[in-house]
Amino acid sequence: MSFFKKTNQIDLVTIGDMVVDTFIELIDAWTENDNPEKSRELCMRFGDKIPYKEEVSIYGEGNSINAAHAAQRLGLKTAVITNIGNDDLGDKCLKHLNKTGIETSGIVVHKNKKTNHNFVLRYKEDRTILVHHNEYNYSLPKNFKISAKWIYLSSLSKNSLEFHSEIINFLKRNPETKIAFQPGTFQIKLGAEKLAELYKMSEIFFCNKEEVRKILNTNETEISKLLEMMRALGPKIVVITDGPTGAYVFDGIKKIYGPIFPDIAPPVERTGAGDAFASTFTTALILGYDIEKALRWAPVNSMSVVQYVGAQAGHLTIKQIEEFLKNAPENYKTKIID
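Letter by letter, the sequence shown follows residues 343 to 680 of the working numbering.
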């Protein structure tokens, strides 16, 4: 018996934690440390009462959930495997996903557990996220079978190491299923060794430049070498993003650079931009397009996402992406790099 209700219609199954994001827009704060080699610091007066402009909660977000939503908007039928608590926040997350058409049979509701709840401190166009992952008992659903040929795996809690082994064993039993891996904070901290088998089995790997350096435990900064070092761990296609510089892809044959798509207006906030990029890139490949096409699509969806509060409101359809590309600047082109 198949786990999902309509398994023959599912193109992509995403696995990862679901959260409620509460966005708090700060008006009485500042940043320090402009050293590019170090993180900027968000500052507020300690021990004071600090006013803020507004707050808004958005339900049913999280790296993998955002990926499912973006892929669904692009025409794929998606399903999620995730966990929520038996609480009001969990109910609201489930109601949100049901409205999107995403298959929700893989959501496990845990008694006496809370739903993950993040607080996003917005300051100007950027944000700092206060993250808390509840430790659920992770496992694939019983009788788990999928007709989908792709899994998308992202952020999980720190108690999920054994769950990764379960996913790896599933992939070994089902070699026709491909996996796109966009590691979250805990998975990055594990480094290259503990998730070695997962890296070897990944069809696509996504990370930003600094996250890759943490995984590899290296001081290397040259993007070409980082692409080679990361691909040596096993992923067939390595994608490294580098903020406003753009993104770089290595498939073992050629290295390709893609620029960011220019903002149509000043960014509102950047939550979910990386998820939009990774899921759009993956969706393009699932639909049969080549890497260059995927690398042109993905930044458009990222650009759109940062025009809104939250990670999903800006997700585009294929038609909308193509409209943006028709009017793209002349220099919006991918190119082969050394």
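In this text, a Cβ means the ideal position worked out from N, Cα and C, and glycines have one as well.
Helix, strand or coil at SER496 according to DSSP, with G and I counted as helix: For the purposes of this step, residue 496 is taken as the residue at position 154 of the sequence shown. Note: SER496 maps to coil in three-state DSSP.
Sufficient close CB pairs (3 or more, under 8 Å) joining the region 578-594 to the region 441-452: no
The alpha helix (DSSP H) enclosing PHE486, as first and last residue numbers: On the sequence shown, residue 486 is found 144 positions in, with the first residue counted as 1. Element bounds for PHE486: n/a, residue is neither H nor E.
Contact set for TYR480: own chain, Cβ-Cβ below 6 Å, skip 5 residues either direction: As a working note, residue 480 is residue 138 in the sequence shown. Closer than 6 Å at Cβ, skipping near neighbours: SER502 and PHE505.
SER499 burial status per 10 Å Cβ neighbour count (16 or more: buried): Here the question's residue 499 lines up with position 157 in the sequence shown. When all chains shown are included, SER499 counts as buried.
Where GLU467 falls: helix, strand or coil (DSSP): By 1-based counting over the sequence shown, the position of residue 467 is 125. Coil, per DSSP.
Outcome for HIS474 when other beta-carbon atoms lying within 10 angstroms are tallied against a minimum of 16: Start at 1 with the first residue of the sequence shown, and residue 474 comes out as number 132. Exposed is the call here.
Bridge partners - THR457, DSSP secondary structure assignment: Residue numbering aside, residue 457 sits at position 115 when the sequence shown is read from its first letter. For THR457, which the question treats as bridged, DSSP gives no partner whatsoever.
Reference ASP390, options ARG382, LEU384, ASP370 and ILE400, closest by Cα: Indexing the sequence shown from 1 puts residue 390 at position 48. For ASP390, the nearest C-alpha among the options comes from ASP370.
Residue ranges of each alpha helix (DSSP H) within the region 610-642, 4 or longer: 615-628
Cβ-based neighbour list, TYR674, same chain, cut-off 7 Å, excluding 5 preceding and 5 following: Position 332 of the sequence shown, counted from the first residue, corresponds to residue 674. PRO601 and PHE603.
C-beta contact flag for GLU403 and ALA653 at 8 Å: Walking along the sequence shown from the start, residue 403 turns up at place 61. Walking along the sequence shown from the start, residue 653 turns up at place 311. The answer is yes: Cβ separation under 8 Å.
Host beta strand (DSSP E) of ASP370 (start-end): By one-based count along the sequence shown, residue 370 stands at place 28. No beta strand (DSSP E) contains ASP370, which DSSP labels as neither H nor E.
Pair within 8 Å by beta-carbon distance, ILE521 and LEU482: Working through the sequence shown from its first residue, we reach residue 521 at position 179. Working through the sequence shown from its first residue, we reach residue 482 at position 140. Result no, Cβ atoms of ILE521 and LEU482 do not sit closer than 8 Å.
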